[in-house]
Each structure stands twice: as structure tokens, then as C-alpha cells.
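Trainee: Reading the sequence shown from the start, the letters are residues 146 to 476 in our numbering.
Yeah, the Cβ is synthetic: ideal placement off N, Cα and C, and Gly gets one too.
Please read through the structure below; I'll follow up with questions.
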Amino acid sequence: MRSYRVTSGAGIDGLSLRTEEPRQPGPGEVAVAVHAVSLSFRELLVLRGRYVLPVKPDVIPVSDGAGEVVAVGAGVERVRPGDRVTATLFPDWQDGPFRPAVLPQLGGSLDGLLTELAVLPERALVPIPAHLSYAEAATLPCAAVTAWNALGGVRANHTVLTTGSGGVSLFSVQLAKALGATVIATTGRPDKERRLLDLGADAVVNYRADPDWPAAVRALTGGLGVDRVVHTAGPLDQSLRSLAVSGQVAFVGSVDGEWPPLDPRLVFGAAATLRAIAVGSRAQFVEMNDVIAAHELRPLIDRAFPFEEAPAAFRYYESANPLGKVIISVR
């Protein structure tokens, strides 16, 4: 089999394609023929040496992928050869709150899925919704599950604000609409406004055209503000200014690399909850897939690259500001 390997901090140029002997699955393990993987900002952090969790040397990168079960080890009961599966980013996080015991992660402290054959623990695997292709399913484990976790508790009478147009934000638009919420999206590019509306946003605010975009958000909500912000980019203070009293900011991170100081008065002024999001559990993944299947949601894909051109896929993802996921087709 062929696998890409890299040492964290080596950058995209450090990706090395190697031919390796495939490993047979042991007890509780499953061999998966990988069909597609997708890239997320997390993968760039791993390559840049800036990922917050441990990364083992010479790791097979990329947490997000999908494929077909080709062999199972002793004691495996959930899956069988021929099943279409993807995998949770944190294999040990089955349910409940995030905690230190579940920190091992694919493409970090564990080998990931940028390989032709991955041997994974059975507990990590999640069935693919029947209407999705392998490429579409490969987009789900990081960005989609993060969005689902960020939307926890959202109901049909809520208003949700998404910031930017990265993978988490796009999934948040789709999933929040599936839950019946009203969705306001932000973007800095006019060409993306129509795409966000087509994806399901009820309104789009351009933060470049209107620097005081929290005021525009509040105007769209009759002055009340939004019940939930899925924050992925921009100043956190701006998201808090958009929030209704007793609302929540689901803090996913900052893909633009900016970490401005937080004014605690804004938190107290809105009686706000600020919740950090670390992807999600397998139980949340399965719950999300039920909603995706019921509404036949399809992830937005920007571009696909062949396996042999994986470094080019990373460079495109890093520089092109894609709208939708970037896929690497393995087979």
C-alpha cells in the first residue's frame, strides 16, 4: 500500500509518499480501503507544527476520510467487509464530555487516513449515510461534527449566526436550517453571498462592506441579537456584540490566526455563555448522520485532487480560499 507521512513542522514540502507493507487488523480492529479524504484547517496546523495536541513523528496525516471495510479482526461485531464507513477523529471519545482520556486523535498521536489502507479500531467507525458518496462522507468527521457540537441545544425558534465561510460555518448553515433555526451568515466576499443563501442562510451580512456588522445582525433580529454564534473567525468581541441576552458563543477557534483580547464586560453584559468546541464524540457523529440522512443534506465540495497530487491539494486549500471542502481521491 502507499501512504503519505510527515513530521509535524515540516510543512507541505515535508509530505513523503511511501510504499509500505499493509498491516493485518488485530483484535477489535478493522482494515478500511480508503476511497477519499478531505482537508481541514487542522491539517495545516499539524504540518506547520502549531497543532495544540501531540503529533507523533512520521505520522500518516489527515483525520477525515471514508472507505470500505475489507477485513476485520477477532471480536469485531459492528461492521463487516463491504460496509461503507468513516471514522471519528477521537476514536476513544464515544460519548459524554471531552476529557483527557480521549485525547488520542487520528492524524496526530495516531496514524490518519492519507493512505490506501487504514487499520482502525472498530469503536472509531461510523456508517456512511446511504445517499452520500465516499468523497462527501469524507468531509464529515472534523468540520461537520464540530458544527453539530457547536449547535447543541439549538431549536426551531432560535436564530444562529455563522462567521465566515469555512467548512465548519458551511455545515453550521446546513445543519441549523435542518433543525428549523433562522440562520444569518457573514462573509467578506460578495461572490460568496449568493452561495451562502443557496446553502440555506436566511440572510448574509458582508463584514467588509459593513464594518459594524454586529449592528446589522441585531437589526435583522429586531434588536434582540442571536441565540447562538458559531465563531470560527474574526474578533470574538464582535460575536459577543451580536448575541442576545443569555445567548451562547460556540468558540470553534480562529482560522485567520487572530487572537485579540476579550473584554469580559461583553460576556457579563449579555449574560453570555462562551463554550470552546473540540470536534465531538462518536455519539454526536451518529446523531448528526441521522439528521443528514433524514434531510438528505449534501456537503459542499470545492475541488478534488488525485492521491498522487496530495501536496498540491494542501497548497490549494492553503491559498485559494475555497468555498467547500477540498478532497483527495485515494481510489
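Would you say LEU342 and VAL350 are within 8 Å of each other, going by their C-beta atoms?
Mentor: Cβ atoms of LEU342 and VAL350: not closer than 8 Å.
Trainee: Rounded to whole angstroms, what's the CA-CA distance from SER426 to SER148? Just pull it up for me.
Mentor: Straight-line Cα distance between these residues: approximately 27 Å.
Trainee: Between ALA330, LYS470 and GLY325, which lies nearest to ARG443 when the distance is taken from Cα to Cα?
Mentor: Nearest option by C-alpha distance: LYS470.
Trainee: VAL394 and THR377 - do their beta-carbons sit closer together than 8 Å?
Mentor: Their beta carbons are not under 8 Å apart, which means THR377 does not touch VAL394 by this criterion.
Trainee: Is the beta carbon of SER308 less than 8 Å from the beta carbon of THR331?
Mentor: This sequence places Thr at residue 308; Ser is not what is there. A contact, by the Cβ cut-off of 8 Å.
Trainee: Let me confirm a value: ASN466 is counted as buried when at least 16 other C-beta atoms fall within 10 Å, else exposed. Which label applies?
Mentor: ASN466 should be labelled exposed.
Trainee: So the beta strand (DSSP E) LYS470 belongs to, where does it begin and stop?
Mentor: First-last of the beta strand (DSSP E) with LYS470: 470 to 474.
Trainee: Sort VAL412, VAL290 and ALA389 by Cα distance to GLY368 and report the nearest one.
Mentor: When each option's Cα is compared against that of GLY368, the closest is ALA389.
Trainee: Cα separation between VAL247 and LEU234?
Mentor: Between VAL247 and LEU234, the C-alpha separation is close to 10 Å.
Trainee: Span of the alpha helix (DSSP H) holding ILE478?
Mentor: Nothing about residue 478 can be read from this structure; the chain reaches only from 146 to 476.
Trainee: On the DSSP letters alone, give me the boundaries of the beta strand (DSSP E) that ASP209 sits inside.
Mentor: Unbroken beta strand (DSSP E) run through ASP209: 209 to 217.
Trainee: Return no unless some Cβ of chain C is closer than 8 Å to the Cβ of VAL204.
Mentor: Absent from the structure: chain C. Only one protein chain is present.
Trainee: Find out if the Cβ-Cβ distance for the pair VAL375, ALA295 is shorter than 8 Å.
Mentor: Their beta carbons are under 8 Å apart, which means VAL375 touches ALA295 by this criterion.
Trainee: Does DSSP put ASN351 in a helix, in a strand, or in coil?
Mentor: Looking at ASN351 - three-state DSSP - the assignment turns out to be strand.
Trainee: Look at LEU262 and VAL175 and say whether their C-beta atoms are less than 8 Å apart.
Mentor: Not closer than 8 Å, so no.
Trainee: Can you pull the DSSP bridge partners for THR330?
Mentor: Sequence check: residue 330 is Ala here, not Thr. Answer by DSSP bridge pairing, in chain order: THR307 and VAL349.
Trainee: Which same chain residues, not among the five before or five after ILE422, have their C-beta less than 7 Å away from its C-beta?
Mentor: So the list reads THR291, ASN294, ALA295, ALA395, PHE396 and VAL397, once near-sequence residues are dropped.
Trainee: In chain order, which alpha helix (DSSP H) runs of at least 4 residues are fully inside the segment 228 to 301?
Mentor: Fully enclosed alpha helix (DSSP H) runs of 4 or longer: 279 to 282 and 290 to 295.
Trainee: When you compare only the Cα positions, how much space is there between ALA361 and VAL204?
Mentor: Approximately 45 Å, taken between the alpha carbons.
Trainee: So what does DSSP say about ARG147, is it helix, strand or coil?
Mentor: DSSP places ARG147 in strand when its eight states are reduced to three.
Trainee: Use the C-beta contact count for PRO380: other C-beta atoms within 10 angstroms, 16 or more gives buried, fewer gives exposed.
Mentor: Result: buried.
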